[in-house]
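The block underneath contains the structure these notes are about, expressed in structure tokens.
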Amino acid sequence: MSDLTGATAVVTGGTDGIGAATVRLLRDRGADVIAIGRSAAKAEALRAQEAAAGRDRGRLDVRLADLGSMAAVVRAVAALDIERVDVVVQAVGVLLTRAEYTEEGLEKDFAISYLGRYLFLEEAHRTGLIGTQTRLVNLAASAPRIPRIAQVEFPSADEVAARTGMRAHGQAQLANDLLTALAPRRYGISAVGYGPGAVDTNIRREVPAIARALLRPFYALATRRPEEAAADVVAAATDQRVEPGTASFRNRRGAFPAPAYVTDERRQHELLGVSAELVRRALDRPTAPSPR
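Following the working numbering, the numbering of the sequence shown begins with 287 at its first residue and continues without gaps.
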């Protein structure tokens, strides 16, 4: 799978940061890539950069969608107009330190960083776009030990929806690892959870400037460029040692055993129930645009 000629890849959050760098490397491997992002300006910049690069391998298709909107996610999958997806890279994400909500009434960090990813896979599976041929690389805070702030449960949609700030961000990261662990069983795909660590991207764009300034010294020495993390992502997407229908985890240091916290089937089941309920509420909200 190291040569991706003829393969189709979809990268969410694909117009900036690790996502955009991954798009470039996937095209270098020969893949036809669909990059999905929210910003029209960043989408146009990616198109221009790729055109200037003069790559003669792998087509690029850049799509606009707000992946924090559940209706927009449904529309984005419906509009893919392809027969199958061989590689899915879920790189979309945000870091919020205060309570913010989407037009569909969802806590914004959880909606963008996890729930839209979940719904993308649900819709792609429902429409037959993903299956045994598909490799998922799911970016999160994947690590051998789950941080205390992320050690949460998913007992009800109301409790999950009530979490805000760093608590919401932590639960989104855990939810992504749980999604990676359950993906082979639910969707028939192979899945790799990847924790890139500190990377110089715009994920902290919503964090107040003074807070970013205070945090910068703690991340400076360990922070990598997006291209370095993207190389890890593409390695995970093409690693022939990953067996079909399995879930595995790795970070910048390499592979590690899945933490028991994310392989717990009760916790996975509760997350799926809460996710489905939150999506239903969002799509049923009177102000939400129709997904069809």
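Glycine included, each C-beta is placed from N, C-alpha and C at the ideal position.
Item: Backbone CA spacing between residue 514 and residue 302 [nearest angstrom]; Value: 14 angstroms
Item: Through-space distance from residue 460 to residue 445, alpha-carbon basis; Value: 15 angstroms
Item: Assigned secondary structure, residue 552 (DSSP; H/G/I helix, E/B strand, else coil); Value: helix
Item: Other residues of its chain near residue 252: CB distance less than 8 angstroms, five sequence neighbours each side excluded; Value: Only positions 287 to 578 of the chain appear in the structure, and residue 252 is not among them; the question remains open.
Item: Alpha-carbon to alpha-carbon, residue 531 and residue 284; Value: Any property of residue 284 remains undetermined from this structure, which presents the chain solely from 287 to 578.
Item: Same chain, Cβ closer than 6 angstroms to residue 295, neighbours up to 5 away in sequence not counted; Value: 312, 317, 319 and 373
Item: Residue 570 versus residue 483 - alpha carbon distance; Value: 36 angstroms
Item: Which listed residue (520, 358, 434 and 366) has its alpha carbon closest to that of residue 389; Value: 358
Item: Limits of the unbroken beta strand (DSSP E) element including residue 320; Value: 318-323
Item: Beta-carbon proximity check, residue 362 vs residue 351, cutoff 9 angstroms; Value: yes
Item: Residues near residue 560 by beta carbon distance below 6 angstroms, same chain, minus five either side; Value: 440, 443 and 446
Item: Spatial distance of residue 472 from residue 548 (CA atoms); Value: 15 angstroms
Item: Residue 294 - partner residues in DSSP beta bridges; Value: 318
Item: Sequence-distant residues of the same chain with beta carbon closer than 7 angstroms to residue 397, five excluded per side; Value: 354 and 388
Item: Chain-order list of residues whose beta-carbon lies under 7 angstroms from that of residue 304 (same chain, five-residue window excluded); Value: 377, 425, 482, 485, 487, 512, 515, 516 and 519
Item: Under 9 angstroms between C-beta atoms of residue 392 and residue 564; Value: yes
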